[in-house]
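For reference, the structure discussed in these notes is given below.
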Amino acid sequence: MELEGARILVADDDRVVRRIVTVKLSGLGCEIEEAEDGWEALDLLEEEAPDLLITDSLMPRMNGLQLVRSVRESEGFAGLPVIMLTSRHGERDIIEGLEAGLDDYVVKPFSPDELAARVRTVLWRAGRRG
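In this note's numbering, the protein residues as written are 21 to 150.
This is how it looks when you write it as structure tokens:
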């Protein structure tokens, strides 16, 4: 599945993680926007809707679960695919994320190649790439 031209918003307060994701996915042809927290991500969503949101769970001001819930409650973005990229790996954390509306859950530390495969799959499943 092709990722060329896919627009992806990456929300994570860790600039190293954002950089790893950006380098990997932009190397596959994706256009990447970066946000340091959920509020900044919501602002960027309003400017230009991406094909996919990748978010951390633990961020200042608005965490990832709050961001996902806001996205799912929004008429314009309710169908936006979302991948949680987080260090929280407990069963309860995963269940809470999936129940909030996540499409996939990736635990840190992560393989950039595995993340790329998950991005392809989620975009394909959502009909946003093919």
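Built from N, CA and C at the ideal position, the CB exists for glycine as well.
Which same chain residues, not among the five before or five after A55, have their C-beta less than 6 angstroms away from its C-beta?
-> A31, A61, L64
Evaluate V43 with the Cβ neighbour count: other Cβ atoms within 10 Å of its Cβ, from every protein chain shown; 16 or more gives buried, anything less gives exposed.
-> exposed
Compare the C-alpha of V88 against each of L118, E68, C50, G110 and name the closest.
-> L118
Inter-residue Cα distance where the pair is E68 and I28 = 10 angstroms
Would you mind stating whether L143 and L72 have Cβ atoms separated by less than 7 angstroms?
-> yes
Of the residues P101, Y125, V102, which one's Cα is nearest the Cα of R112?
-> Y125
S131: beta carbon under 6 angstroms from a heavy atom of the ligand FAD?
-> You won't find the ligand FAD in this model; it holds no ligand whatsoever.
Minimum length 4: unbroken alpha helix (DSSP H) runs contained in the segment 47-121 = 58-67, 84-93, 111-120
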